[in-house]
Amino acid sequence: MGPLPPSADDRLIWDMWESQFRLPVATVADEVGTFRALGNAPMTTAELAAEIKVDERALGIHLAALASSGLVEKRDGRWTATPQARTWLHPDAEGYWGGFLFRFRETIPMHAQLLETLKTGKRPADAVSGGPEWERGHMSQEVAERIAKFMHAHSMAPARGAAAQSLFGDIGTLMDVGCGSGVYGIEIARANPRMQVTLMDLKEMCREAAKFVEQAGLTGRVTTAPVNMFEEEWPTGHDAHFFANVFHDWSEETNRLIAKKSFDALPSGGKILLSEILMDDELDGPWYAASFSLLMLVGTLGKQYSLPEFREILESAGFTDVQATRTGGGYYSLVSATKP
Ligand SMILES: C[S@@+](CC[C@H](N)C(=O)[O-])C[C@H]1O[C@@H](n2cnc3c(N)ncnc32)[C@H](O)[C@@H]1O
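Numbering (numbering that gives the first Met the number 0), first residue to last: 0 to 339.
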């Protein structure tokens, strides 16, 4: 008996923590009138946002979570409330549950956070997230230590899943950009003994990553590069750039900028690799991606993207051959593209 080593599959834990969004995304929809509006007429996201007076971008993320909960559905670009929602959540329905669910608006703190974000399109001022810290481009060592620890736990299984992918066998030098604790770079280096890995992040985070590298016994083969990816020159000489959970922190516009910086620093034939949880192409689920996107909405400037959205972003920078595979690391996929 006793502790066991990590595997690549931690979906049990993800299902558990993402369940925190299941009820509040519905109580918020009840409060702002989503089920009445979509129970009465099909609407596009823009039409519904105007009708119930909420932020359109945030509403798109909420609707994906409601759709993957079975409460709304999208057909030909228009949303409607499902028969279940029209039976139990339409305020004029005989079986309306609102009188009971109403109580949870007060008792579940996530209700207030999701409501504020939906109304304003901005994350709550009291959001507990790394986003506001790294967006400043610097942070205290104490904050870096806290972020590195929680990202290490969050990313262990997907890092193992990514590291097992055969495409790393063709890569001699890899830069893990926005590395956090370095968990991905470390696992990929472990699985590929001839690979040299550079962990790039803000300087305070690099100090934390160096501690994890030392614990893993990889000092020398895995090194750190303290670089602000927006403000400083990127190191060159890598066959591939790897980004895990970085693009989901930022807007499409910022991601096009990051992709261009990567493109410029890579050699011809170089690869860009993204470890992300992907939304469906229709942007209406699945729940594990839609609920993660709600977390991005309340804590960062980003969201979870679909493969077509990543294709558009990466091709805008000049990359070609954009593909995705499920890695078997939790719910994660690996998106890859090439610099011609
Ligand atoms: C969500 S964490 C991802 C960490 C790690 N890749 C993982 O998946 O576990 C985002 C990382 O991006 C880093 N980051 C944010 N802004 C940055 C910048 N301007 N330059 C370099 N790194 C940055 C943060 O410090 C943080 O470590």
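Note that the Cβ used here is the ideal one computed from N, Cα and C, for glycine as well. Note that the coordinates shown come from a computational prediction; the quantities given were computed from them, not determined experimentally.
Under a Cβ-count criterion, where at least 16 other Cβ atoms within 10 Å of its own Cβ denotes burial, should residue i be classed as buried or exposed?
i	result
Gln303	buried
Ile51	buried
Ser180	buried
Pro157	buried
Glu230	exposed
Val226	buried
Thr218	exposed
Phe99	exposed
Thr119	exposed
Met15	exposed
Ser139	exposed
Ser18	exposed
Val127	exposed
For the beta strand (DSSP E) that residue i lies in, which residues bound it at each end?
i	result
Met295	Segment 286 to 298 is the alpha helix (DSSP H) holding Met295; no beta strand (DSSP E) there.
Pro392	Residue 392 is absent from the model: the chain starts at 0 and stops at 339.
Ala258	Unbroken run through Ala258 is the alpha helix (DSSP H), 251 to 264; no beta strand (DSSP E).
Asp200	195 to 200
Leu277	Per DSSP, Leu277 belongs to no beta strand (DSSP E) and is neither H nor E.
Leu166	Premise fails: Leu166 is in no beta strand (DSSP E) and is neither H nor E.
Would residue i and residue j qualify as a contact pair, given that the criterion is a beta-carbon distance under 9 Å?
i	j	result
Gly290	Val24	At residue 290 the sequence reads Ser, which differs from the Gly that was named. Yes.
Gly130	Thr253	no
Gly327	Ala63	no
Thr86	Pro41	no
Ile146	Leu296	no
Val176	Val245	yes
Glu55	Thr44	yes
Met194	Met174	no
Arg189	Ala208	no
Ser335	Leu166	yes
Ala243	Ser332	no
Lys338	Leu265	yes
Helix, strand or coil for residue i, going by three-state DSSP, please let me know.
i	result
His240	strand
Gln214	helix
Ala336	strand
Asp320	strand
Trp78	strand
Leu88	coil
Ser248	A small correction: the amino acid at residue 248 is Asp; Ser does not occupy that position in the sequence shown. Asp248 falls in the helix class under three-state DSSP.
Lys148	helix
Leu313	helix
Leu70	coil
For the alpha helix (DSSP H) that residue i lies in, which residues bound it at each end?
i	result
Thr116	108 to 119
Trp133	130 to 134
Val27	21 to 31
Inset, instruction - Taking 8 Å as the threshold, find out whether the stretch 252 to 268 comes into contact with the stretch 311 to 318 through three or more Cβ pairs. - result: yes
Inset, instruction - Take every Cβ of the stretch 262 to 275, pair it with every Cβ of the stretch 190 to 206, and state whether three or more of those distances are shorter than 8 Å. - result: no
Legend entry - At least 3 beta-carbon pairs within less than 8 Å: the stretch 281 to 301 vs the stretch 224 to 238: no
Inset, instruction - Please confirm if the stretch 103 to 116 is in contact with the stretch 77 to 93, defined as three or more CB-CB distances below 8 Å between the two stretches. - result: no
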